[in-house]
């Protein structure tokens, strides 16, 4: 792994009983790189993303994230590693419905020793960047789809991650809102130098990335 | 553990919170009220004895003379020897003994019930000194009589009159409302113990069936250590033999016949069922809670919460919910206790313990001590209920831990 590589997966396979969803995939992403993982629905993109982010363990192969081999880590070690190094953006936003916008953003900070004021300050800075400063105290049910996804992006960034994993981040949004979200992701990549691995099946979005990885039937084809 | 998250979950998930709190609070209220009821019946069972200044009464049954003239003993209360009294006074757990002689006196012009009492003994019928309605109570060293107020009214007796009892004369020094004060050993006339003993000792019919020496008595009132009453009762039967009648709070409790009065085992079994119901409600609610929140737990884990962080958060929620349920349970139990406090309890008084000749007015009637159920929720029971609620909340944590550990974020967050 070169000094500039932030993430590498070597010979990754994932089997569910007899069904092999990811078949011997090797992949690496450099620091600050914006990579899109594309392919048809069911080709194994999301599973590969889960393997690379430590949400799931591979049946075979290794994952090295920010210089640390994560395969042998316990569930709790993986959780702590994710908290310090990784941000997630999901298609269905996955916000906690009983927490306000800023509380959702600060969710990764809740288990950390920190004052409530400090959490709120850090969350509000990010929400300001997402142009949601006026919506800080609103519950997710009071936010539009685009606003929810911007809250989710802010949450992904709260711990200054080295890499953000985005799984179909515009999948539940109309095209205009989706474009706006993509603008934010590109800005993050450009201004903050955050590496992004984004799963999508939309060719137009994929073209905006630095590099494209195509998957088919569990394998990387280009 | 994050208090803000905890507060929001409890506040915004009102349906879930209320279901858990109300469900568990009913179980807790049931537990409190069952035990409060049991204690109330126990307290009620103590009242007939407390009214006569005792924890235990002792008497012995025997024969009634064929010739009902002068002073005789009722069949339910014959001689208790002075030596037996001394042995009883020395028994462990006995804090004081009050002695009395209960007589049926058949004079040519009337029949009456006479009770000889120790004027200054705090244990036993001297407690009636508080119920004197006119005149004064009996004084030591004086041969005088106190008449029950209803009896005096019926026969036109008043303070200052002289009564002739079995051929002996006694000035009436006062009237006493005894039948309102107690239901045990109620008499028409009260005399000093020594005078009643003289009447008994000089009665040939009485002596013919129940030899009676100076210093003997036929009724004992005992103050005792509450926890030693059961073994004391056994010792009393050992001293006085098979014909002894020993009245204790437990014997009145049995007369009540209520399920709660029947046994501690019933209360314990019912309490156990209430606790099991409460635990099942808490577990079921929490299990449903976990299933409903699987995705949320997945999110927490994905963004860096360890299993320990998640378990502590959910466990705290569970403990707080159960604590609130405990408090609500106490409020429900207090309301129920208030309502049950209007309930009347009638404790049957065995004829043996307040014997009236059957041929006298009211002689065959069943006497009851009727009182309002003395129910209340003691703070110790309330504190136990809250503690139990918290323990139940904590126990659900074990379930939570197992379930949350099994939740994989990748499985619950996989997009639709």
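Residue numbers (the numbering used here), protein chains in the order written: chain A, 2 to 223; chain B, 50 to 465.
All C-beta atoms, glycine included, are put in the ideal place defined by N, C-alpha and C.
- [ ] Write down the C-beta distance between residue 352 (chain B) and residue 109 (chain A) rounded to the nearest angstrom, noting that I regard them as a contact closer than 8 angstroms.
- [x] About 4 angstroms separates the two Cβ atoms, so the contact holds.
Note to self: Considering only heavy atoms of the ligand SAH, does any lie closer than 7 angstroms to the CB of residue 237 (chain B)?
What the structure shows: The ligand SAH is absent from the structure shown, which contains no ligands of any kind.
Check the Cβ-Cβ distances between residue 353 (chain B) and every residue of chain A, and say whether any is below 8 angstroms. Yes, contact with chain A.
Review point. Which ranges would you report for the alpha helix (DSSP H) in the region 262-300 of chain B if only whole runs of at least 4 residues count?
Key: Taking only runs of at least 4 residues, the alpha helix (DSSP H) segments lying wholly in the region 262-300 of chain B are 278-289.
Cβ-Cβ separation, residue 219 (chain A) to residue 23 (chain A) (assumed contact under 8 angstroms), whole Å:
That belief holds up - the Cβ atoms of residue 23 (chain A) and residue 219 (chain A) are roughly 5 angstroms apart, short of 8 angstroms.
So with CB distances below 8 angstroms, who are the chain B contacts of residue 219 (chain A)? Within 8 angstroms Cβ-Cβ: nothing; residue 219 (chain A) doesn't reach chain B, min ~16 angstroms.
Review point. Where does residue 135 (chain A) sit, in a helix, a strand or coil, going by DSSP?
Key: Three-state result, residue 135 (chain A): helix.
*Through-space distance from residue 217 (chain B) to residue 191 (chain B), alpha-carbon basis*: Cα-Cα distance, rounded: 14 angstroms.
Item to complete: Quick one: using the 10 Å Cβ neighbour count with 16 as the cut-off for buried, is residue 375 (chain B) buried or exposed?
Response: The residue in question, residue 375 (chain B), is buried, as its Cβ has 16 or more Cβ neighbours within 10 Å.
Next item on the list: Label residue 205 (chain A) either buried or exposed according to how many other C-beta atoms from any shown protein chain fall within 10 Å of its C-beta, with 16 as the threshold for buried.
Entry: Looking at its Cβ environment, which holds fewer than 16 other Cβ atoms inside 10 Å, residue 205 (chain A) is exposed.
Cβ of residue 95 (chain A) less than 8 angstroms from any chain B Cβ?
Yes, its Cβ sits closer than 8 angstroms to a Cβ of chain B.
| said: So if I threshold CB-CB distances at 7 angstroms, which residues from the region 92-116 of chain A count as touching chain B? | reply: Against chain B - using a Cβ distance shorter than 7 angstroms - the residues of the region 92-116 of chain A are 92, 93, 95, 97, 99, 100, 104, 108, 109, 111 and 112.
In chain order, each alpha helix (DSSP H) run of at least 4 residues that lies wholly inside the region 312-400 of chain B:
Correct list: 313-341, 343-351 and 356-389.
Item to complete: Could you tell me whether any Cβ in chain B is nearer than 8 angstroms to the Cβ of residue 35 (chain A)?
Response: With respect to chain B, the C-beta atom of residue 35 (chain A) has no partner C-beta closer than 8 angstroms.
If residue 52 (chain A) sits next to residue 10 (chain A), beta carbons under 8 angstroms apart, how far is it from one beta carbon to the other, in whole angstroms? Separation of the CB atoms of residue 52 (chain A) and residue 10 (chain A) is rounded to 7 angstroms, and the pair is thereby assigned contact status at 8 angstroms.
Item checked: 8 angstroms Cβ cutoff, residue 424 (chain B) in contact with chain C -> Reference to chain C is not applicable here, since the protein chains of this structure are A and B.
Measure from the C-beta of residue 174 (chain A) to each C-beta in chain B and report whether the shortest distance is under 8 angstroms.
-> So, not an interface residue.
Three-pair Cβ contact test at 8 angstroms for the region 117-128 of chain A versus the region 89-105 of chain A: The region 117-128 of chain A makes contact with the region 89-105 of chain A, as at least three CB pairs between them are under 8 angstroms.
Inset, instruction - Helix, strand or coil for residue 66 (chain A), going by three-state DSSP, please let me know. - result: The answer is strand: DSSP assigns residue 66 (chain A) an E or B state.
### Task
Provide the residue span of the beta strand (DSSP E) that contains residue 417 (chain B), from first to last.
Its beta strand (DSSP E) spans residues 416-421.
Run the CB neighbour count on residue 260 (chain B), radius 10 Å, all protein chains shown included, and call it buried at 16 or more, exposed below. Residue environment analysis places residue 260 (chain B) among the exposed positions, since fewer than 16 neighbouring C-beta atoms fall within 10 angstroms of its C-beta.
(message) Is there a Cβ of chain A sitting closer than 8 angstroms to that of residue 55 (chain B), yes or no?
(response) So, not an interface residue.
- Query: So, helix, strand or coil for residue 137 (chain B), using DSSP?
  - Reply: Judged by DSSP in its simplified three-state form, residue 137 (chain B) adopts helix.
*Do you know whose CA, among A:194, A:213, A:134 and A:203, lies nearest residue 148 (chain A)'s CA?*
Answer by Cα proximity: A:134.
- request: Flag residue 56 (chain A) as yes if its beta-carbon sits less than 8 angstroms from any beta-carbon of chain B, otherwise no.
  value: Taking CB atoms only, residue 56 (chain A) has a neighbour in chain B less than 8 angstroms away.
At what residues does the alpha helix (DSSP H) containing residue 183 (chain A) begin and finish?
Residue 183 (chain A) -> alpha helix (DSSP H) spans 176-188.
**Contact set between residue 81 (chain A) and chain B, taken where Cβ atoms lie within less than 9 angstroms** = Contact annotation for residue 81 (chain A) against chain B: 353 and 355 [CB-CB distance below 9 angstroms, chain order].
May I ask you to list the residues that DSSP assigns as paired with residue 89 (chain B)?
-> According to DSSP, residue 89 (chain B) bridges with nothing at all.
* Measure the beta-carbon distance from residue 398 (chain B) to residue 416 (chain B) and round it to whole angstroms, keeping in mind my assumption that it falls under 8 angstroms. => Under the criterion of beta carbons closer than 8 angstroms, residue 398 (chain B) and residue 416 (chain B) qualify as touching, at roughly 4 angstroms.
*When the Cα atoms are used, what is the spatial distance from residue 426 (chain B) to residue 162 (chain A)?*
Between the alpha carbons of residue 426 (chain B) and residue 162 (chain A) lies a distance of about 57 angstroms.
- On the premise that residue 197 (chain B) lies in contact with residue 222 (chain B), defined as a C-beta separation below 8 angstroms, what is that separation, rounded to the nearest angstrom? Contact annotation, residue 222 (chain B) with residue 197 (chain B): C-beta distance approximately 14 angstroms; criterion of less than 8 angstroms not satisfied.
For residue 425 (chain B), name the three-state secondary structure that DSSP assigns. Residue state for residue 425 (chain B) is assigned as coil, using DSSP reduced to three classes.
- Task: Indicate whether at least one CB of chain A lies closer than 8 angstroms to the CB of residue 338 (chain B).
- Result: Interface flag for residue 338 (chain B) against chain A is unset, since no Cβ pair is found closer than 8 angstroms.
*Span separating the alpha-carbon of residue 443 (chain B) from that of residue 383 (chain B)*: For residue 443 (chain B) and residue 383 (chain B), the gap between their C-alpha atoms comes out near 25 angstroms.
**Q.** Cutoff 7 angstroms; reference residue 212 (chain A); Cβ partners in own chain excluding five residues on either side
**A.** If we look at residue 212 (chain A) and ignore the five residues flanking it on each side, its Cβ neighbours are 34 and 36.
query: Between residue 51 (chain A) and chain B, is there a C-beta pair that is closer than 8 angstroms?
result: Cβ-Cβ to chain B under 8 angstroms: yes for residue 51 (chain A).
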